[in-house]
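According to the working numbering, the sequence shown is numbered sequentially starting from 48. Before any comments, here is the structure.
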Amino acid sequence: MNVIQKEVEVVDEAAMKRALTRITYEIIERNKGIEDLVLVGIKTRGIYVAKRIASRLKQLEGVEIPVGELDISLYRDDVHTSDGRDPELNGSHIPVSIEGKQVILVDDVLFTGRTIRAALDALMDIARPQKISLAVLVDRGHRELPIRADFVGKNIPTSLDEQIKVEVEEIDGLDKVSIKKIN
Numbered sequence: 048m049n050v051i052q053k054e055v056e057v058v059d060e061a062a063m064k065r066a067l068t069r070i071t072y073e074i075i076e077r078n079k080g081i082e083d084l085v086l087v088g089i090k091t092r093g094i095y096v097a098k099r100i101a102s103r104l105k106q107l108e109g110v111e112i113p114v115g116e117l118d119i120s121l122y123r124d125d126v127h128t129s130d131g132r133d134p135e136l137n138g139s140h141i142p143v144s145i146e147g148k149q150v151i152l153v154d155d156v157l158f159t160g161r162t163i164r165a166a167l168d169a170l171m172d173i174a175r176p177q178k179i180s181l182a183v184l185v186d187r188g189h190r191e192l193p194i195r196a197d198f199v200g201k202n203i204p205t206s207l208d209e210q211i212k213v214e215v216e217e218i219d220g221l222d223k224v225s226i227k228k229i230n
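Listed below in structure tokens is the structure:
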């Protein structure tokens, strides 16, 4: 018998905005400004999180920070198509050179660390930044690799039979984070 599980909202629009503002202030403080900073969002929702952080940085510091888009499809070690085809590529676009820059990799959820490992490989194939930091909207725990976020909007401890769902206005029509039990 299939039991329909209810999603429970754990972060609303206002809380998401506060979390992103907190990340933005931490980025300014830890980098002692925003010189040579480039934000790179991991497709798909990480891009929108990165763009929002860049917008907030512009409001606070008056400087436009470049935002890149990173497609990690070819670098994943845990995603395979059921019919054996190669993963679909959506393309990466980073508008400036990241060579020698302070890159902040941005994603919506940090879980096992495998997505971030793939993103690091993809970035290093593009160029060698001076430093790479990680910003995530949600850290849900359960690492399989020794990866941690430098900037976290919200820690949401989960069990392995739960799923975190991030929704952003640009794609989903609203901003929220939900948790759902999966069987």
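Note that the Cβ used here is the ideal one computed from N, Cα and C, for glycine as well. All of these numbers come straight from a predicted model, not from anything done at the bench.
Span of the beta strand (DSSP E) around Ser277:
Beyond the ends of the chain as shown, which are 48 and 230, falls residue 277; an answer cannot be given.
Please determine, among Val143, Ile145 and Ala182, the residue with the shortest C-alpha to C-alpha distance to Thr162.
Closest in alpha carbon position to Thr162, among Val143, Ile145 and Ala182, is Ala182.
Suppose you measure from the CA of Val58 to the CA of Thr159; what does that come to, to the nearest Å?
Rounded to the nearest whole angstrom, the C-alpha separation of Val58 and Thr159 is 21 Å.
Measuring CA to CA, which of Thr91, Glu209 and Tyr122 is closest to Asp172?
Ranked by Cα distance from Asp172, the first of Thr91, Glu209 and Tyr122 is Tyr122.
Take every Cβ of the stretch 85-105, pair it with every Cβ of the stretch 67-75, and state whether three or more of those distances are shorter than 8 Å.
The stretch 85-105, when compared against the stretch 67-75, does touch it at the 8 Å Cβ threshold.
Would you kindly check if the distance between the Cβ of Leu221 and the Cβ of Glu13 is under 8 Å?
For residue 13 there is no data in the structure shown, the boundaries of the chain being 48 and 230.
Sequence-distant residues of its chain with Cβ nearer than 7 Å to Leu167 (five each side left out)
Cβ neighbours of Leu167 beyond the five flanking positions: Ile179.
According to DSSP, His189 sits in a beta bridge with which residue or residues?
Looking at the DSSP assignment, His189 forms no beta bridge with any residue, so it has no partner.
Apply the 10 Å Cβ neighbour rule to Glu216 and answer buried if 16 or more other Cβ atoms are within range, or exposed otherwise.
Exposed.
Flag this pair as yes or no: are the beta carbons of Ile226 and Ile203 separated by less than 8 Å?
Annotated as proximal: Ile226 and Ile203, with beta-carbon spacing under 8 Å.
Can the beta-carbon of Gln149 be found closer than 8 Å to that of Gln177?
Cβ distance < 8 Å, so Gln149 and Gln177 count as in contact.
Is Ile145 near Leu170, with beta carbons less than 8 Å apart?
Contact flag set, yes.
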